[in-house]
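As structure tokens, the structure follows; a few thoughts come after it.
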Amino acid sequence: MTDLSRRSFLTALGGAGLMAAAPTSWAAAAATATFSEGWRLAVANAPAEGYAPSALTRLSGKMPAGLSGTLYRNGPAWFRYGDDTTGHWFDGDGMIQKYDLSADGVRHTGRFVDTVKRRVEQQKQAIVMPGFGTKGRADAPVTSNDDVNAANTSVLRAGDELWALWEGGSPYRLDAQTLLTKGPKTFRDDLKGLAFLAHPKVEPSGRIWSAGFMGDKAWIWQLSPAGEMERGELIQLPAAGYAHDWVVSERHLILPMQPLIAERQTPPFVDTLVWHPDQPIRILVVEKADLSKRRLYELPAATYFHTGDAWEDTDGTIRFDVCLASSPKFGLNGARDLVKGVYNAGNDEEAHLALITLRPDGRADMQATGVSSEFPQTDHRFQGLRRDRVVHVGGYIEGRLGAHALSAFDWKTGKAQTHDFGRDAIVEEALFVPRPASHGGTGQEMDGWMVGTVLNLKAKATELHVFEAKNLSAGPVGSWRSAHATPLGFHGTFS
Amino acid sequence: MLKSALIAALMGLIALPASAETLTVQFSKLTPKGTLMVALYKGEEAYTSGKPVAGQQVAVSSDTATATFEVEPGQYGLKIFHDVNGNGQMDKNPFGMPVEPFAFSNNAKGRMGPAAWADAAFEVKGNTTQDIAF
Chain A
1 MTDLSRRSFL TALGGAGLMA AAPTSWAAAA ATATFSEGWR LAVANAPAEG
51 YAPSALTRLS GKMPAGLSGT LYRNGPAWFR YGDDTTGHWF DGDGMIQKYD
101 LSADGVRHTG RFVDTVKRRV EQQKQAIVMP GFGTKGRADA PVTSNDDVNA
151 ANTSVLRAGD ELWALWEGGS PYRLDAQTLL TKGPKTFRDD LKGLAFLAHP
201 KVEPSGRIWS AGFMGDKAWI WQLSPAGEME RGELIQLPAA GYAHDWVVSE
251 RHLILPMQPL IAERQTPPFV DTLVWHPDQP IRILVVEKAD LSKRRLYELP
301 AATYFHTGDA WEDTDGTIRF DVCLASSPKF GLNGARDLVK GVYNAGNDEE
351 AHLALITLRP DGRADMQATG VSSEFPQTDH RFQGLRRDRV VHVGGYIEGR
401 LGAHALSAFD WKTGKAQTHD FGRDAIVEEA LFVPRPASHG GTGQEMDGWM
451 VGTVLNLKAK ATELHVFEAK NLSAGPVGSW RSAHATPLGF HGTFS
Chain B
1 MLKSALIAAL MGLIALPASA ETLTVQFSKL TPKGTLMVAL YKGEEAYTSG
51 KPVAGQQVAV SSDTATATFE VEPGQYGLKI FHDVNGNGQM DKNPFGMPVE
101 PFAFSNNAKG RMGPAAWADA AFEVKGNTTQ DIAF
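Shown next, in the form of structure tokens:
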């Protein structure tokens, strides 16, 4: 990477994060926090018994012909027992929201994942277990990773099951219809409790790739479309850099290890991470067919939560989109304060869309767009293959929590589209759903819809919106409003 | 000779043999297969450094099992793992985390490791029973 491109990258990131200073008294704010008001709805406890099935109210438009199926979303939805609060947004108990879309409209139900962690804490009515950012009590009964597994980050359909994913332990198996929990998935007796990312990648063939990280080692999972293990191997990493997501191309696994390095093993995990802005992102590229065949690339320090997807040019050049930020302060600090009812804009760190290119001769470079971006999504039919478009949330407003717009970026034309939901909306991840051939679907990239949810703070309700995927600027073609304001979720799947 | 020794003991003239007390360890909630590997430690230093004073292997054929030890009075701790597949080892996953059940005296729980001595220590004074649930 040249100095010039490095400078332009830093310039693109420069405007972000220079926001208001910390509030004078967080403790005072926390003591008076009302979680049924304003942005704190995002981190309010959901009903312990879940959400009973209910129909959403149609706001405008209609369900497009050919669009039917279920949107499953996962996210932390239980954070406190009285004043006893979890140590981090990422440690809330996982809850699955299920939205059934049909010609009749949208129906919703939701249920907590019945984890060991949740059982222990509900029984004691206290925060007990250690976690990503929670120290946990000295008497926390922890015998394996799955005892602290919050199952709160994403979902994957595997065969007939729905898996609730965390990143430090096993997938939790659920009945896809009732959302009742069956227990952790054990792929093999000697692999019990092994980490499994919340960002598995599913090839067009249905084959599933995932990884698990522990220090400077990664376990690579290769699963059948039904979720059974085909292959597993331990690989050595160039550093113990934290990775929440990765990318997979047609022939390669690509692991960007950010210079946010785990340097101890005592919980909470987030306190073991040390940010090294003087160190590069080390991007390890591993051949799917032979995990011993590797290349290592380096780019200047940056941090990320989420990638889009990767593809390879005919000459072997690998490209992938990623949402990069210049410091990890939101994950390390900002997300801890939220659950206390404190939003400190100074601990926000806006991420921007970038395209990373890894060339066969060992050179790497980064094309920064300056477009604020998170939760990137692509047309999954092109997973690992050449494509142009990425859809993401964005439209951040200084001093307001979360994203306010749904946007698209085209790498070929450099053109962006956006729909702004306004300052009272927090926009969640939207997923691509292809238009079926029976309804004129062409199979072309992004021929279909984006389906996503928005927490409307003014209406105190979660909404579901459907867009034509190629025409976000036109606004939703159908919008529905739930009877509930569900806590902000992270990731979902549509099936 | 035996009788005179006993009388001498009762009169406090000589010490009783060291293994005077019976420690009974009752296990429950077991998967009915494999073997329990039971290690008994006397005192904190032995417990922490992993030097057992006695060890037993108990075949598991139902959801309960029992081990007994003849020991002198004192402070003890137990570390047990259930060798479910009978390979003689405590199996671990590739990240080094145990994948076979384990337990400690007092049903003490470890936190990312073995239970602390302070939580696992118990006194043997007269015949003593430990109930340990897996």
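So the protein sequences, as listed, match chains A and B.
Residue numbering for the first sequence follows UniProt numbering, starting at 1 and increasing by one per position.
Residue numbering for the second sequence follows UniProt numbering, starting at 1 and increasing by one per position.
The beta-carbon is built from N, C-alpha and C at its ideal position, and this holds for glycine as well.
Beta-carbon separation (whole angstroms), residue i vs residue j, contact threshold 8 Å
i, j, result
"aspartate 388/A", "leucine 355/A", "Contact flag wrong, Cβ pair sits at about 11 Å."
"alanine 325/A", "valine 247/A", "The pair is not a contact, with the Cβ atoms about 17 Å apart (cut-off 8 Å)."
"alanine 151/A", "glycine 168/A", "At roughly 11 Å, the Cβ-Cβ gap does not stay under 8 Å, so alanine 151/A and glycine 168/A are not in contact."
"tyrosine 81/A", "isoleucine 127/A", "6 Å"
"asparagine 456/A", "aspartate 420/A", "Not quite, the Cβ-Cβ distance comes to about 14 Å (not below 8 Å), so this is no contact."
"leucine 353/A", "serine 373/A", "4 Å"
"glycine 341/A", "alanine 33/A", "2 Å"
"alanine 77/A", "glycine 87/A", "Not a contact, Cβ separation roughly 16 Å."
"proline 267/A", "glycine 136/A", "6 Å"
"alanine 240/A", "isoleucine 261/A", "5 Å"
"methionine 450/A", "leucine 464/A", "About 11 Å separates the two Cβ atoms, so there is no contact after all."
"glycine 316/A", "proline 256/A", "Going by Cβ atoms, the distance from glycine 316/A to proline 256/A rounds to 18 Å, so no, they are not a contact pair."
"isoleucine 96/A", "alanine 46/A", "Not confirmed; about 11 Å, so no contact."
First and last residue of the uninterrupted alpha helix (DSSP H) at residue i
i, result
"leucine 338/A", "335 to 338"
"glutamine 122/A", "116 to 124"
"alanine 120/B", "117 to 120"
Whether residue i touches residue j by CB criterion (7 Å)
i, j, result
"phenylalanine 122/B", "alanine 103/B", "no"
"glycine 71/A", "phenylalanine 494/A", "According to the sequence as given, residue 71/A is leucine; it is not glycine. Yes, these two residues count as a Cβ contact at 7 Å."
"glutamate 263/A", "arginine 282/A", "no"
"valine 274/A", "glycine 133/A", "no"
"glycine 34/B", "valine 60/B", "yes"
"residue 499/A", "phenylalanine 382/A", "Only positions 1 to 495 of chain A appear in this structure, which leaves residue 499/A out of reach."
"valine 113/A", "aspartate 147/A", "no"
"threonine 153/A", "tryptophan 166/A", "yes"
"threonine 85/A", "valine 339/A", "yes"
"phenylalanine 27/B", "alanine 65/B", "yes"
"phenylalanine 330/A", "glutamate 349/A", "yes"
"arginine 481/A", "leucine 59/A", "yes"
"threonine 319/A", "threonine 378/A", "Before going on, a small fix: residue 319/A reads as arginine here, not threonine. It is not a contact, given that the beta carbons lie outside the stated cut-off."
Neighbourhood of residue i by C-beta, 7 Å cutoff - its chain only, sequence neighbours within 5 removed
i, result
"leucine 191/A", "Gly232"
"valine 477/A", "Gly61, Pro64, Val466, Phe467, Glu468"
"glutamate 100/B", "Phe81, His82, Asp83, Val84, Met90, Asp91"
"alanine 20/B", "Glu72"
"valine 124/B", "Glu21, Leu23, Val71, Pro73, Gly74, Tyr76"
"lysine 458/A", "Asp424"
"arginine 400/A", "Arg423"
"glutamine 279/A", "Pro259, Ala301"
"tryptophan 411/A", "Leu355, Asp388"
Range covered by the beta strand (DSSP E) that runs through residue i
i, result
"serine 154/A", "154 to 158"
"serine 102/A", "94 to 102"
"alanine 103/B", "102 to 104"
"phenylalanine 27/B", "21 to 28"
"lysine 182/A", "181 to 184"
"isoleucine 261/A", "260 to 262"
"glutamate 287/A", "281 to 287"
"histidine 465/A", "461 to 468"
Nonlocal neighbours in the same chain, by C-beta distance under 6 Å from residue i, ignoring five residues either side
i, result
"tyrosine 51/A", "Thr109, Gly110, His484"
"histidine 199/A", "Asp245"
"lysine 201/A", "Trp209, Val248"
"phenylalanine 187/A", "Met229"
"threonine 453/A", "Glu428, Thr462, Leu464"
Close-in-space but distant-in-sequence residues of the same chain around residue i (CB under 8 Å, 5 per side omitted)
i, result
"lysine 217/A", "Leu234, Ile235, Gln236, Leu237"
"glycine 66/A", "Arg435, Pro436, Ser438, His439, Gly440, Gly441"
"serine 407/A", "Val371, Ser373, Val391, His392, Val393, Gly394, Gly395, Ala416, Gln417, Thr418, His419, Leu472"
"serine 102/A", "Met63, Ser68"
"proline 53/A", "Arg107, His108, Thr109"
"methionine 214/A", "Ala195"
"glycine 105/A", "Ala55, Leu56, Arg58, Met63, Trp480"
What are the complete beta strand (DSSP E) segments, minimum 3 residues, inside the region 197 to 239 of chain A? 208 to 214, 217 to 223, 229 to 236
At which residue ranges does the region 30 to 84 of chain B contain complete beta strand (DSSP E) runs of 3 or more residues, listed in the order of the chain? 35 to 42, 54 to 59, 65 to 71, 74 to 83
Return the chain-ordered ranges of every beta strand (DSSP E) run that is complete within the region 415 to 443 of chain A and spans a minimum of 3 residues. 416 to 420, 425 to 434
Going residue by residue through the region 308 to 351 of chain A, where are the continuous alpha helix (DSSP H) segments of at least 4 residues, counting only ones entirely within it? 335 to 338
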